[in-house]
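Heads up, the thing below is written out as structure tokens.
Protein chains: 2
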Amino acid sequence: MTKVGPTLEDVARIAGVSRATVSRVVNGTRNVDPNLQETVRNAIEQTGYTPNHAARSLVTRRTGTVALVISGAGGGSDVFVDPFFGRVTAGVVDFLRTRGVHPVLMLADTDRTRADVVEFLRQGSADGALLVTTHAAESLPERLLAAGVPTVLYARPGRPLPVSYVDLDHQAGGRLAAARLMELGCTTVGAISGPLDVLASQDRLTGFREAMARNGFPYVPVVEGGFTAASGHAAMGRLLVEHPEVDGVFAANDLMAQGAVDVLLEHGLRVPQDVAVVGFDDSAPALACRPPLTTVRQPVEAMAAKMAEVLVTSLEDPEQRPTSVIFEPELVIRASA
Amino acid sequence: MTKVGPTLEDVARIAGVSRATVSRVVNGTRNVDPNLQETVRNAIEQTGYTPNHAARSLVTRRTGTVALVISGAGGGSDVFVDPFFGRVTAGVVDFLRTRGVHPVLMLADTDRTRADVVEFLRQGSADGALLVTTHAAESLPERLLAAGVPTVLYARPGRPLPVSYVDLDHQAGGRLAAARLMELGCTTVGAISGPLDVLASQDRLTGFREAMARNGFPYVPVVEGGFTAASGHAAMGRLLVEHPEVDGVFAANDLMAQGAVDVLLEHGLRVPQDVAVVGFDDSAPALACRPPLTTVRQPVEAMAAKMAEVLVTSLEDPEQRPTSVIFEPELVIRASA
DNA sequence: ACCTCCTTGGAGAGCGCTCTCCAAAGAGTC
DNA sequence: GACTCTTTGGAGAGCGCTCTCCAAGGAGGT
């Protein structure tokens with residue numbers, strides 16, 4: 067094995083030109099005489115030459131890859147069960163492939179793996195980082211910033227930081243949910259929030275509460291969930307015990323909404339006739355749920371693609387200042403509310 | 067910008083030793099006097115030195131990354147909607163992280179992107195490839211093999227090839243499903259197969275039919291689906307029209323099973339009392355489905371991890387012959403059958 | 001005390017590529 | 001026809017690292 071493969075040198079020798087000329091033909095830098103180009107291309111064809119990536123990036127200081135860092139709290143690879151990360155990946159890949167950039171997937175869920183990520187970027191193994199982090203306390207943004215690594219976040223950082231990010235107006239999303247529930251005439255509504263150490267969870271809840279309060283509902287019972295169907299199930303159970311008369315529920319993501327619907331149905335309650343349920347995200351489970359979920363749409367793929375775009379752009383022009391792009395949520399009305 | 071960062075040379079100068087010595091300390095090759103080691107480590111600390119990845123891999127001819135190639139037929143990033151790929155990713159990442167190897171995610175769904183994958187590997191951008199391919203006609207395995215790229219497949223290749231792979235005994239899975247349906251006393255069973263250009267689909271169906279035939283049911287009506295909930299929905303609809311008396315259904319994955327259950331319920335049929343439904347995979351939707359699906363478990367994460375393990379092993383010993391690891395499916399009984 | 005063997009540090013040759021200089025040659029200009 | 005200006009190919013210096021060789025010094029044997 068030890069594939070050595072033909073080098074620039076080999077091609078140059080066969081074509082009877084210098085290394086520099088071959089390099090120019092390969093990279094399309096500067097003018098090269100068309101005849102010579104032809105000769106060189108033949109030589110390349112003949113040898114089956116492919117430029118060596120390591121050698122190239124040693125001098126260009128570019129790798130053509132970026133790190134896609136997923137910093138879940140949970141035990142590592144469980145995160146992929148959540149459709150959210152699949153959607154992020156899809157959006158990122160979708161954009162990057164148009165630019166010939168490749169994503170390296172990294173999980174950052176422990177001190178150790180976080181250090182690995184920083185190390186990886188400092189080594190120049192990737193040109194920049196896309197950081198999908200939920201928890202407000204995540205330390206990676208500042209560490210990457212300190213290491214001078216071009217970084218773009220999905221979701222604003224826990225503390226103000228001169229870093230680019232894309233985000234959703236989660237509060238507006240919460241308001242949308244509240245408006246729908248009130249529009250349906252619900253009078254006793256509860257909420258199942260996401261983990262409260264996640265900014266998005268806080269924001270969704272804040273927006274929801276605000277809108278309710280503004281309309282004469284100063285108090286909304288809230289149970290904290292964990293963004294999983296099981297946690298939504300449990301939360302709905304508690305809500306039902308404490309407030310049996312509930313007729314409207316806002317769950318901070320679709321998975322939890324699904325869990326809530328299940329409990330409701332198990333208790334012989336009809337959705338949406340007896341209890342209306344609004345989810346959040348508009349991911350696959352929202353459609354699969356019976357009844358299909360009315361939900362607040364988060365355009366995850368588009369946001370992820372934008373995140374990738376912002377990074378690639380800042381890679382091309384490193385002097386650029388950080389930007390932020392905030393997306394607007396949208397209410398998708400289906401059957402559950 | 068243009069972070070230059072300290073080099074080996076810098077560290078060597080500060081520590082008052084040669085480059086070679088610093089390299090030895092960093093890589094732990096050969097003995098180095100403990101005192102000297104201490105000095106060198108201090109210098110490293112002081113300068114914040116990190117080895118340059120490109121330079122290193124230029125000489126070692128190793129990158130510490132592998133390509134995780136997902137070759138769906140569908141329009142690219144849609145694949146991530148299918149929980150299957152999320153599970154594969156989880157399994158791969160889970161194993162690789164223990165070995166300090168990083169996966170680069172690539173989609174191969176067009177001629178162009180397939181060529182990109184080959185190019186990427188030939189450039190030495192990654193040390194090997196993990197290829198998750200469903201379609202039997204996929205050309206990548208042979209192209210990668212021809213290029214001398216260490217490769218491991220998820221699912222056996224369409225044509226016999228000297229390449230390592232992991233796979234499931236899909237036929238045994240089909241038999242398991244048939245056995246369950248017959249055990250429940252079903253007399254009129256139908257099947258919703260996966261796309262028939264996918265080997266796994268063929269095998270699941272073959273196993274299922276065989277087991278049915280062996281038990282006195284020579285004919286099983288089959289409708290081909292596309293592994294999506296919508297296609298399962300459509301397929302069940304047709305099955306119901308053509309065979310209204312059906313009392314058992316085998317769907318070749320959980321997504322389609324879910325679609326089938328929905329149709330059944332819409333038609334006022336009870337699952338499993340009127341019609342028993344068996345799915346395949348045991349992915350998240352199987353649990354989320356109402357009723358929860360009885361299904362044939364494919365240990366995707368474990369298989370993906372094994373695939374990664376086989377690749378890493380063959381990277382360490384390139385002279386090794388190809389291996390194959392076949393996993394056994396398992397029936398998971400829930401409520402739908 | 002001499003010789004051999006083992007340990008350990010340094011020198012330096014690349015790995016394959018890009019890119020800055022230079023030089024040569026051709027095209028204009030007056 | 002002598003001059004400058006532009007175009008285009010070649011030479012060669014690195015990019016930062018690993019690793020083979022070599023030499024120096026100390027330990028052990030006789």
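Going down the list, the sequences are from chains R and W.
Each step along the first sequence adds one to the number in our numbering, with nothing skipped, and position 134 is 200.
Each step along the second sequence adds one to the number in our numbering, with nothing skipped, and position 97 is 163.
The beta-carbon is built from N, C-alpha and C at its ideal position, and this holds for glycine as well.
Looking only at its chain, what residues have a beta carbon closer than 6 Å to the beta carbon of residue i, apart from the 5 residues adjacent to it on each side?
| i | result |
| --- | --- |
| R241 (chain W) | G273 and A277 |
| G114 (chain R) | none |
| G157 (chain R) | E367, A370 and A371 |
| A244 (chain R) | F274, A277 and M278 |
| A301 (chain R) | I258, V289 and G291 |
| A401 (chain W) | P357 and P358 |
| G260 (chain R) | S267, F293 and A318 |
| P287 (chain R) | G256 and H309 |
| S390 (chain W) | Y231 |
Please identify the residue among the options whose C-alpha is closest to the C-alpha of residue i.
| i | options | result |
| --- | --- | --- |
| D177 (chain W) | W:G190, W:A203, W:E332 and W:L171 | W:A203 |
| G190 (chain R) | W:L134, W:Y285 and W:T73 | W:T73 |
| L197 (chain R) | R:D233, R:G166 and R:T164 | R:D233 |
| V327 (chain W) | W:L305, W:N319, W:R304 and W:P357 | W:P357 |
| A121 (chain R) | R:H236, R:S89 and R:V184 | R:S89 |
| V404 (chain R) | R:A86, R:L134, R:H309 and R:G282 | Outside the shown range of chain R, which is 67 to 403, sits residue 404 (chain R), and nothing can be said about it. |
| V362 (chain W) | W:T379, W:A401 and W:A318 | W:A318 |
| D320 (chain W) | W:R336, W:G303, W:T294 and W:L335 | W:T294 |
| R225 (chain W) | W:Q112, W:A352, W:G260 and W:S205 | W:S205 |
| E75 (chain W) | W:L335, W:T116 and W:G166 | W:T116 |
| H119 (chain R) | R:G303, R:G71 and R:R107 | R:G71 |
| F150 (chain W) | W:Q103, W:A350 and W:G303 | W:A350 |
What separation, rounded to the nearest whole angstrom, lies between the Cα atoms of residue i and residue j?
| i | j | result |
| --- | --- | --- |
| G141 (chain R) | T179 (chain R) | Per-residue confidence for G141 (chain R) stands at a pLDDT of 49, beneath the threshold of 50, marking its modelled position as unreliable; the derived number appears in the next sentence. When rounded, the distance between both Cα atoms is 12 Å. |
| L397 (chain R) | R96 (chain R) | 53 Å |
| R270 (chain W) | F393 (chain W) | 14 Å |
| E332 (chain W) | H299 (chain W) | 11 Å |
| Y24 (chain R) | F346 (chain R) | Residue 24 (chain R) lies beyond the stretch modelled for chain R, which goes from 67 to 403, so this question has no answer here. |
| T360 (chain R) | K372 (chain R) | 26 Å |
| S84 (chain R) | A213 (chain W) | 27 Å |
| L262 (chain W) | D148 (chain R) | 29 Å |
| S137 (chain R) | D182 (chain R) | 12 Å |
| L223 (chain R) | E208 (chain W) | For the sequence presented, residue 223 (chain R) should be read as Pro rather than Leu. Looking at the two C-alpha atoms, the distance is approximately 46 Å. |
| A174 (chain R) | V376 (chain R) | 22 Å |
| M172 (chain R) | L250 (chain R) | 44 Å |
| E311 (chain W) | V145 (chain W) | 35 Å |
| P365 (chain R) | T199 (chain R) | 17 Å |
| G239 (chain R) | Y231 (chain W) | 46 Å |
| M67 (chain R) | V170 (chain R) | Annotation note: pLDDT 41 at M67 (chain R) (below 50); position unreliable, no value reported. |
| L219 (chain R) | A221 (chain W) | 36 Å |
| I399 (chain W) | L124 (chain W) | 53 Å |
| R336 (chain W) | R336 (chain R) | 18 Å |
For residue i, which residues of its own chain have a beta-carbon under 8 Å away from its beta-carbon, when the five flanking residues on both sides are left out?
| i | result |
| --- | --- |
| G82 (chain W) | T105 |
| L211 (chain W) | T217, L227, P228 and V229 |
| H46 (chain R) | Examination of residue 46 (chain R) is not possible in this model, given that chain R is present from 67 through 403 alone. |
| D313 (chain W) | C252, T253, T254, V255, D340, V341 and A342 |
Enumerate in chain order the residues of its own chain whose CB-to-CB distance from residue i is below 7 Å, with the five nearest sequence positions on each side excluded.
| i | result |
| --- | --- |
| A109 (chain W) | V77, I80 and A81 |
| R128 (chain R) | D193 |
| A296 (chain W) | G325 |
| L247 (chain W) | V255, G314, F316, A342, V344 and A403 |
| Q268 (chain R) | L262 |
| L187 (chain R) | A133, A195, L210, A213 and V215 |
So, is residue i buried or exposed, given that buried needs 16 or more other C-beta atoms within 10 angstroms?
| i | result |
| --- | --- |
| L265 (chain R) | buried |
| I258 (chain R) | buried |
| D348 (chain W) | buried |
| V159 (chain R) | buried |
| P338 (chain W) | buried |
| P384 (chain W) | exposed |
| N101 (chain R) | exposed |
| T126 (chain R) | exposed |
| S380 (chain R) | buried |
| V307 (chain W) | exposed |
| T87 (chain R) | buried |
| Q237 (chain R) | buried |
Which whole runs of the beta strand (DSSP E) in the stretch 248-277 of chain W are 3 residues long or more, in chain order? 255-259
My parser needs the beta strand (DSSP E) runs of 3 or more residues fully inside the stretch 157-244 of chain W; what are they? 168-173, 195-199, 217-220 and 230-234
Output the residue ranges of the alpha helix (DSSP H) runs that lie fully inside the stretch 88-158 of chain W and measure 4 residues or longer, sorted by chain position. You should have 100-113 and 119-126.
Identify every run of the beta strand (DSSP E) within the stretch 319-363 of chain R, keeping only runs that are complete inside it and at least 3 residues long; order them along the chain. Runs of the beta strand (DSSP E) lying entirely within the stretch 319-363 of chain R, each at least 3 residues long, are 342-347 and 360-363 in chain order.
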